């Protein structure tokens, strides 16, 4: 049984979010939460919140009794919409600033016992 949690339009660049995603892929849920608590990246807080949401989905929708049996099967970080902003520069010109966003998909699976 698979449990999904999806987060869209996160204000984190996909390249930076993938660094955190690689840390928790394939890990047990409790290990993944511990790893995220001590990771000093801005995306780690976002992933921790999403992981807790996926655990709540498993308990509520799929009636998983033992959360310890859940493992992170797949974490996918896709590129979202890029916000474009102008920054004034010298001599009346401007430069485009791109604020990147991410779509994060987290899939949990129950470990076979």
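Numbering (our numbering), first residue to last: 490 to 602.
In this text, a Cβ means the ideal position worked out from N, Cα and C, and glycines have one as well.
Predicted model, so just to flag it, every value in this text is computed and none were measured.
Cβ pair residue 566, residue 493 closer than 8 Å: no
My understanding is that residue 599 touches residue 558, with C-beta atoms under 8 Å, so please give their C-beta distance in whole angstroms. 5 Å
Cα-Cα separation, residue 514 to residue 591: 17 Å
For the candidate residues 530, 585, 519, 573, whose alpha-carbon lies nearest to that of residue 507? 530
Could you compute how far the alpha carbon of residue 547 sits from the alpha carbon of residue 570? 29 Å
Apart from the five residues just before and just after residue 575, which ones in its own chain have a Cβ nearer than 8 Å to its Cβ? 583, 584, 585, 586
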